[in-house]
Every structure is written in C-alpha cells, then in structure tokens.
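Colleague: Provided herewith is a single structure, encoded as structure tokens, for subsequent inquiry.
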Amino acid sequence: MHEMGIVYHVADEVEKIAAQNDICHIGSVTLQIGEVTGVIFDYMSDLWGWVSDKSSLLKGSRLLYEQIPAVTLCKSCGQRYSTVQSGRQCPHCGSWDTVLVQGNEYIIKQIEADS
Amino acid sequence: MSKVRVIDVHTGIFDENNRIADEIRRQNQADQTFLVNIMASPGAGKTSVLLRTIRELKRQYRIGVMEADIDYAIDAEKMEREDIPAIQVHTGGECAMDAAMTRQALSEFSSKDFDLIFLENVGNLVCPAENDTGASVNVEILSVPEGDDKPLKYPLMFQVCQVVLINKIDTKKFFAFDDEAVKARIHALNPDAKVFFLSAKTGEGFDQWTGWLKAQLQLRS
Ligand SMILES: Nc1nc2c(ncn2[C@@H]2O[C@H](COP(=O)(O)OP(=O)(O)OP(=O)(O)O)[C@@H](O)[C@H]2O)c(=O)[nH]1
Ligand SMILES: [Mg+2]
Ligand SMILES: [Zn+2]
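Keeping their order, the protein sequence lines are chains A and B. Numbered as in my numbering, the first sequence ends at 115 without a single skipped number. Numbered as in my numbering, the second sequence ends at 221 without a single skipped number.
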C-alpha cells in the first residue's frame, strides 16, 4: 500500500515542522503531487483521517493537494509534451529519446496552523 | 476569532528520509560494511536467492540478514536454521523499509561486525523503490513467471536498482519470457544496470552474480 507510507512520512515531517514553529494544532496540510507518481489521492485523504486522529497536533486537520502535471522533454526535437497523453514516445517527431522533466514530485507545499 | 498562520514548507516528502539514507551510507563506508537492499514482488525468490548466495560466500565473509516484513518471522527463522545471523524487522504495517527503520535495525544488529548485510525488503515493487534505505546497492529480483513486461509497469524500481536478478530461469519452458526484451527494457530505464539470469533452485547463473558481489566487496577494502 503505496499511500500509507507517504501519509506516515507527511505526518512525521509536519510534526517536526510544528515543533520548530511552536504550533500546537494544524488546520490543513497542502501537498503537491506529480501526475505520474501513481498516488490515489482519495485514498490518501482517507488514510490521513485515520493517522491524524491519533495525534493531538493533527486531529481534525485536512489534507489538501495540488497536482503537478507530468511533462516530458524530447531530446531529439527539443519539444515538451504531456507525458500522460503520449507516454515515452515524442508525438512531434516519433523519437524515444525522451526524459520526464516534471510529474514525479512528492512535496509538502504548506501547512496552516490554527492555534 | 481564530488566527491562521500559513507556513510555506516546500520540502520533499522524502527529503528527510534521503538525508538519513546518506548518513547510513557514510557510516557503513567507514565501518566497511556493505549493505545490499533486496527488493521484489512477493514470492519472486528473495529468501531463496539469499540462502544460496550466502552459502557460497559465508566462508569468506561475515554475513548477516535483516528481514523486513509486515509481520511474522518466517524468513528470519529460515536463516537461523542455517546459522546465518538474522534479525526480523517489523515495519509496523508500512509497505517498505525506510531509512530511519534501517538505521535502527543496523544498530540493534551491531552492523559493524559484518562485512556484508542483506536487507530483504517488503515484497512489492512500488514503495521500496521510493524509500531509500541507505543501502550500498539496490538489487531487484524479477522472477520469470512474473513476466518480461515488469520494467514497463514499475519503471521507478528498475531506475533505482544497480542490479537486476532474473530468477527462476529453470521455469522458462513454461512461460513466454524474452531475455533480450527484458534486458532492453531495463537498459532503456537504467543504462548501467547489471542484469544476471539465475535460478535459486538449480544454482545456474549464480557464479556471475556472486562474482560481481565479491568484486564490489574487494573494491571496498
Ligand atoms: N522453480 C523455482 N522456484 C523457485 C526459485 N526460487 C524460488 N522459488 C520458489 O518460489 C517460492 C517463493 O520463494 P521465496 O524465496 O520464499 O520468495 P520470497 O521473495 O522470499 O517470498 P516472500 O518473502 O514471501 O515475499 C518458493 O516456493 C520457492 O521454492 C527458482 O529459481 N526456481
Ligand atoms: Mg522471503
Ligand atoms: Zn521529438
């Protein structure tokens, strides 16, 4: 279960940031997740409910997310295209010499403290 | 009126894990301990490959095994039956070992006393690829019955591994498995990956793999 490990990492990281900033309760945590990480966000927010309930810092907090679109760069013709639409092969010139430039991120963007 | 404070964080979810993983690599280098992280689907043959590998190397090196599992100690018991020092690490429901768990396990295991430690990670192809454990090398075991298309479906796993072991080659007559296609798919993702074909059942192909491993250990001393 892919999402579970990520939720634990997020909770640990947020606990640490809260301690550094004298925060005692979190209202929300916003993530930025790449489009091709394979993460199912609905699943993550369910798990968040379960994990956050066990922590006084996180209890009742919301997990929000923004998706970062996946973009691939073609090294043959230099153009960029949507990875999800076209995959590894460049739709402009047919080359397979391509690299993912964004879309596999796992980032904690911000947290909102409400007390 | 509640006042809301917004804190911009902008850290990668795995940043802290990666920092600990780098610390582990530095420490192991100083202790001359080589940590090999073994990843695979359930049943690909992690334990079988390890048992045969260790039988071939244990006269020359001090070897230990850390078995990560969601629960139960079955694999650790298999090691102990052959007098191979082993510890069981329960991941507490997590789908992979992370660097903090690995560091904890290494210290409980007195890792300094070993030349070579194998970590049998939790059986799946997704989470272990995302969690750097601080291993000196990552090894993925792909078994013939799983099919030669796995690099297409789990690209990250094949990108983070320096070695791919294609196991259960004794079963090739029952499955359509294309050696050249699998190599091409792996190398498209990871041009430097070493690919070895072997069978934990018959022992075929083990010399190339253990030869590679010995060369890595020699390089370190
Ligand atoms: N024919 C054949 N069977 C094998 C080979 N290697 C392992 N097996 C069998 O595959 C099954 C699983 O092997 P294990 O070594 O337990 O696999 P594992 O990856 O450690 O499994 P988990 O720890 O449960 O995920 C067992 O029945 C083994 O006997 C092989 O090279 N050839
Ligand atoms: Mg096993
Ligand atoms: Zn192109």
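Ideal Cβ placement from N, Cα and C applies to all residues, glycine included. None of the values given here were measured: they were computed from a predicted structure.
Do you know how far the Cα of D178 (chain B) is from the Cα of L31 (chain A)?
Modeller: Here residue 31 (chain A) corresponds to residue number 31 of the first sequence, with the count starting at 1. Here residue 178 (chain B) corresponds to residue number 178 of the second sequence, with the count starting at 1. Looking at the two C-alpha atoms, the distance is approximately 41 Å.
Colleague: With DSSP collapsed to three states, give me the class of M1 (chain B).
Modeller: Within the second sequence, residue 1 (chain B) is the residue found at index 1, counting from 1. Low confidence applies to M1 (chain B): its pLDDT is 45, below 50, so where it sits in the model is not reliable, and the reading given next is rough at best. In this structure, M1 (chain B) counts as coil in the three-state DSSP scheme.
Colleague: Using a C-beta to C-beta distance shorter than 9 Å, which residues of chain A count as neighbours of N138 (chain B)?
Modeller: In the second sequence, residue 138 (chain B) corresponds to position 138, counting from 1. Result: empty, since nearest Cβ-Cβ is about 17 Å, beyond 9 Å.
Colleague: May I ask which residues mark the beginning and end of the beta strand (DSSP E) holding H25 (chain A)?
Modeller: By 1-based counting over the first sequence, the position of residue 25 (chain A) is 25. Neither: H25 (chain A) is in no beta strand (DSSP E) and is coded neither H nor E.
Colleague: State yes or no: is the beta carbon of F14 (chain B) nearer than 9 Å to at least one beta carbon in chain A?
Modeller: Counted from its first residue, the second sequence places residue 14 (chain B) at position 14. Yes - at least one Cβ of chain A is within 9 Å of the one on F14 (chain B).
Colleague: To the nearest angstrom, how far is it from the Cα of L35 (chain B) to the Cα of P128 (chain B)?
Modeller: Counting from 1 along the second sequence, the entry for residue 35 (chain B) is found at position 35. Counting from 1 along the second sequence, the entry for residue 128 (chain B) is found at position 128. In a straight line, the C-alpha of L35 (chain B) is about 15 Å away from that of P128 (chain B).
Colleague: Report whether the distance from the Cβ of K173 (chain B) to the nearest heavy atom of ligand 1 is below 8 Å.
Modeller: What you label residue 173 (chain B) is simply residue 173 of the second sequence in a count that begins at 1. The answer is no for K173 (chain B).
Colleague: Kindly list the residues whose CB is nearer than 6 Å to the CB of D98 (chain B), restricted to its own chain and excluding five residues on each side of it in sequence; keep chain order.
Modeller: Counted from its first residue, the second sequence places residue 98 (chain B) at position 98. Cβ neighbours of D98 (chain B) beyond the five flanking positions: N17 and N131.
Colleague: From the DSSP output, which residues share a beta bridge with G64 (chain B)?
Modeller: Here residue 64 (chain B) refers to the residue found at position 64 when the second sequence is read from its first residue. Paired residues: B:I117.
Colleague: On the CB-based measure, 16 or more other CB atoms within 10 Å of its CB, does Q85 (chain A) come out buried or exposed?
Modeller: In the first sequence, residue 85 (chain A) corresponds to position 85, counting from 1. When all chains shown are included, Q85 (chain A) counts as exposed.
Colleague: Taking the alpha carbon of T210 (chain B) as the point to measure from, which residue in B:A176, B:F175, B:K173 and B:L165 has its own alpha carbon closest?
Modeller: Position 210 of the second sequence, counted from the first residue, corresponds to residue 210 (chain B). The candidate whose alpha carbon is nearest that of T210 (chain B) is B:L165.
Colleague: Assign N21 (chain A) to one of two classes, buried (16 or more other C-beta atoms within 10 Å of its C-beta) or exposed (fewer than that).
Modeller: By one-based count along the first sequence, residue 21 (chain A) stands at place 21. With fewer than 16 Cβ atoms within 10 Å of its Cβ, N21 (chain A) is classed as exposed.
Colleague: Measuring from each Cβ to the nearest heavy atom of ligand 3, keep the ones under 6 Å and list them in chain order.
Modeller: Qualifying residues come out as A:C74, A:S76, A:C77, A:Q79, A:C90, A:H92, A:C93 and A:S95.
Colleague: Could you spell out where the alpha helix (DSSP H) holding R81 (chain B) opens and where it closes?
Modeller: Translated into the one-based positions of the second sequence, residue 81 (chain B) becomes position 81. Residues I74 to R81.
Colleague: If we define contact as Cβ-Cβ less than 9 Å, is E120 (chain B) a contact residue for chain A?
Modeller: In the second sequence, counting from the first residue as 1, residue 120 (chain B) sits at position 120. Chain A, which has no Cβ nearer than 9 Å to the Cβ of E120 (chain B), makes this no.
Colleague: In the DSSP assignment, what are the bridge partners of E15 (chain A)?
Modeller: Position 15 of the first sequence, counted from the start, is the residue given in the question as residue 15 (chain A). In DSSP, E15 (chain A) forms no bridge with anything.
Colleague: Nearest-angstrom Cα distance between M1 (chain B) and G12 (chain B)?
Modeller: The residue labelled residue 1 (chain B) in the question sits at position 1 within the second sequence. The residue labelled residue 12 (chain B) in the question sits at position 12 within the second sequence. Reliability fails at M1 (chain B), whose pLDDT of 45 lies under 50, so the model's placement of it is uncertain and no value is given.
Colleague: For H90 (chain B), report the span of its alpha helix (DSSP H) as first-last.
Modeller: In the second sequence, residue 90 (chain B) corresponds to position 90, counting from 1. No alpha helix (DSSP H) contains H90 (chain B), which is instead part of the beta strand (DSSP E) from A86 to H90.
Colleague: Taking C-alpha atoms, which residue in A:K54, A:Q89, A:K59 and A:I107 lies nearest to V71 (chain A)?
Modeller: Taking the first residue of the first sequence as position 1, residue 71 (chain A) is located at position 71. Answer by Cα proximity: A:Q89.
Colleague: Would the beta-carbon of N138 (chain B) be found less than 8 Å away from any heavy atom of ligand 1?
Modeller: Along the second sequence, one-based indexing puts residue 138 (chain B) at 138. It does not: the Cβ of N138 (chain B) is nowhere closer than 8 Å to a heavy atom of ligand 1.
Colleague: Give the straight-line distance between the Cα atoms of I84 (chain B) and G64 (chain B), rounded to the nearest whole angstrom.
Modeller: For the purposes of this step, residue 84 (chain B) is identified with residue 84 of the second sequence, where counting begins at 1. For the purposes of this step, residue 64 (chain B) is identified with residue 64 of the second sequence, where counting begins at 1. Going from the Cα of I84 (chain B) to the Cα of G64 (chain B) covers about 6 Å.
Colleague: Between I24 (chain B) and chain D, is the shortest Cβ-Cβ distance under 9 Å, so that the two count as touching?
Modeller: Going by chain labels, chain D is absent from the structure shown, which instead holds the protein chains A and B.
Colleague: If the criterion is Cβ atoms closer than 9 Å, does the pair T53 (chain B) and I117 (chain B) meet it?
Modeller: Looking up residue 53 (chain B) in the second sequence gives position 53. Looking up residue 117 (chain B) in the second sequence gives position 117. In this structure, I117 (chain B) does not lie closer than 9 Å to T53 (chain B) by Cβ.
Colleague: Comparing alpha-carbon positions, which option in A:G87, A:G27 and A:W48 lies nearest H9 (chain A)?
Modeller: Counted from its first residue, the first sequence places residue 9 (chain A) at position 9. Nearest C-alpha to H9 (chain A): A:W48.
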